[in-house]
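All the letters of the sequence shown, read from the start, carry residue numbers 43 to 328 under the working numbering.
The beta carbon of each residue, even a glycine, is placed where N, CA and C say it ideally should be.
Since the model is a prediction, treat every value here as computed from it, not as a measurement.
Step one of this worksheet: look at the structure below.
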Amino acid sequence: MNIIRKGLTGFDLKYLALIFMVMDHIHYFFEFTGKVPIWFSWVGRLAAPLFLFCFIEGFFHTHDRKKYFLKIYVIAVIMGLIRFGFYNVLSFARRGDGFIPENAMLSSFAILFVVLQGIEWIKSKKYFIGITAVVMPIILPFIFALAVYQPDTNAGNSTISFFANMINFSILPLHTWIVDGGTETLLEGLVLYALSHLKNKNIRVYGYGAFILLRNFGLMMLFHLPFTAYNLFFYAYEWMSVFSIAFMLLYNGKRGQGNGKFFYYFYPLHVYVLYGLSILIYTVTR
43 MNIIRKGLTG FDLKYLALIF MVMDHIHYFF EFTGKVPIWF SWVGRLAAPL FLFCFIEGFF
103 HTHDRKKYFL KIYVIAVIMG LIRFGFYNVL SFARRGDGFI PENAMLSSFA ILFVVLQGIE
163 WIKSKKYFIG ITAVVMPIIL PFIFALAVYQ PDTNAGNSTI SFFANMINFS ILPLHTWIVD
223 GGTETLLEGL VLYALSHLKN KNIRVYGYGA FILLRNFGLM MLFHLPFTAY NLFFYAYEWM
283 SVFSIAFMLL YNGKRGQGNG KFFYYFYPLH VYVLYGLSIL IYTVTR
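Here it is as structure tokens:
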């Protein structure tokens, strides 16, 4: 009752999201064992929306957006290079079944940040840089597809594709290429950003929840996926992220106390620790 009365701070939401994320990633990395129950991933659906909610709050309230962006972007680039390496020079480090960590949520946030900043520039009548920042991250995947990713006709094209992929995985991520978030995070972030201008917090949160349900159920209808209990709970269970709004409604608008750097270090560290453990367990049990 005390939590409900006082509400949750931004750091409280981040710590909750961190716990949900770890549970989700335990299922993600160790699903092959058959020992981790599916409900770990159900609970894990709450992580990304809560981190996204905190990201939008941080975007509005940070004192230094450039520094805020760079903290996200630098780690995203490093993790992107490692991810690219798994497909090339680090292929020896793949798990025995070919699995590699595709975690790139920070790349998704970096793309979203540029688009949101572009909108802010447009509001400030900085139209050229603003429109460029909004449009380019959105259309860039299609430009690359037309300009670079054509069927190889010679070794030169293979070389171009190699370096284009390296750039896309690192300094210039493409939202359509990101498995962990990507286009989905971009759309959700824009919705949260638009709703954040409403004065009533409850309307903002419920509006976001409605968008989550409409998007997920709409995709099921689009792909003619029946609304069966099996599909809703064991296949297309992304809709469960809607339950994250229960914690958003408890947000009291305060930053709270905590070490902001902790989350930036923890994200890549826990990914590679869990991945390493999964390799060890896979090797021992196979």
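Outcome for residue i when other beta-carbon atoms lying within 10 angstroms are tallied against a minimum of 16
| i | result |
| --- | --- |
| His-67 | buried |
| Met-282 | buried |
| Thr-75 | exposed |
| Arg-246 | buried |
| Pro-183 | buried |
| Trp-84 | buried |
| Ile-124 | buried |
| Gly-52 | buried |
| Pro-91 | buried |
| Ser-320 | buried |
| Leu-112 | exposed |
| Tyr-35 | Any question about residue 35 goes unanswered here, given that the chain covers just 43 to 328. |
N-terminal and C-terminal residue of the alpha helix (DSSP H) that residue i is part of
| i | result |
| --- | --- |
| Leu-132 | First-last for Leu-132: undefined, no H or E at that position. |
| Ile-161 | 147-165 |
| Phe-224 | One point to set straight first is that residue 224 is Gly, not Phe, in the sequence displayed. First-last for Gly-224: undefined, no H or E at that position. |
| Val-313 | 302-327 |
| Met-282 | From DSSP, Met-282 is part of no alpha helix (DSSP H); its letter is neither H nor E. |
| Lys-243 | 243-264 |
| Phe-74 | It is not in any alpha helix (DSSP H) - Phe-74 carries neither H nor E in the DSSP assignment. |
| Leu-188 | 169-189 |
| His-105 | Segment: none, His-105 is in no alpha helix (DSSP H) and carries neither H nor E. |
| Gly-86 | 81-86 |
Rounded straight-line distance, which links the Cα of residue j to that of residue i
| i | j | result |
| --- | --- | --- |
| Trp-163 | Ala-252 | 29 Å |
| Tyr-169 | Lys-108 | 19 Å |
| Leu-237 | Lys-243 | 9 Å |
| Gly-198 | Phe-276 | Residue confidence for Gly-198 is low, a pLDDT of 48 falling below 50, so the modelled location carries little weight and cannot support an answer. |
| Gly-231 | Ser-149 | 13 Å |
| Ile-254 | Ile-287 | 10 Å |
| Cys-96 | Gly-295 | 10 Å |
| Leu-188 | Gly-172 | 24 Å |
| Ile-220 | Phe-155 | 15 Å |
| Leu-240 | Ser-166 | 19 Å |
| Val-119 | Val-131 | 17 Å |
| Thr-218 | Met-178 | 13 Å |
| Phe-40 | Leu-50 | Examination of residue 40 is not possible in this model, given that the chain is present from 43 through 328 alone. |
| Met-263 | Phe-269 | 9 Å |
| Leu-158 | Leu-216 | 16 Å |
| Glu-144 | Arg-87 | 16 Å |
| Lys-48 | Tyr-110 | 28 Å |
| Gly-100 | Ala-175 | 19 Å |
| Val-78 | Ile-61 | 16 Å |
| Tyr-129 | Val-315 | 19 Å |
| Ser-203 | Asn-210 | 10 Å |
| Phe-304 | Ala-206 | 32 Å |
| Tyr-250 | Tyr-235 | 10 Å |
| Leu-267 | Asn-301 | 43 Å |
Opposing strand residues paired with residue i [DSSP bridges]
| i | result |
| --- | --- |
| Tyr-293 | Leu-50 |
Closest residue to residue i among the options (Cα-Cα distance)
| i | options | result |
| --- | --- | --- |
| Asp-54 | Gly-298, Gly-318, Val-315 | Gly-298 |
| Gly-223 | Asn-130, Met-147, Tyr-324, Gly-172 | Met-147 |
| Ala-89 | Leu-112, Arg-136, Lys-56, Phe-71 | Lys-56 |
| Tyr-293 | Ile-61, Phe-93, Phe-62 | Phe-93 |
| Ile-114 | Val-284, Phe-151, Tyr-279, Thr-218 | Phe-151 |
| Ala-135 | Phe-265, Val-326, Ile-209, Leu-322 | Leu-322 |
| Ser-212 | Gly-127, Ala-59, Arg-328 | Gly-127 |
| Arg-257 | Trp-81, Thr-227, Tyr-110, Tyr-272 | Thr-227 |
| Thr-325 | Val-157, Ile-98, Pro-310, Phe-72 | Phe-72 |
| Val-64 | Ile-202, Thr-327, Leu-311 | Leu-311 |
| Met-208 | Trp-81, Tyr-314, Gly-122 | Gly-122 |
| Leu-58 | Tyr-317, Phe-285, Val-313 | Phe-285 |
| Tyr-306 | Val-116, Lys-77, Trp-81, Ile-98 | Val-116 |
| Leu-274 | Asn-210, Trp-81, Lys-77, Val-190 | Trp-81 |
| Tyr-248 | Leu-291, Thr-225, Phe-265 | Leu-291 |
| Gly-318 | His-105, His-103, Tyr-129, Phe-141 | Phe-141 |
| Phe-102 | Ile-161, Ala-206, Gly-138, Asp-139 | Ile-161 |
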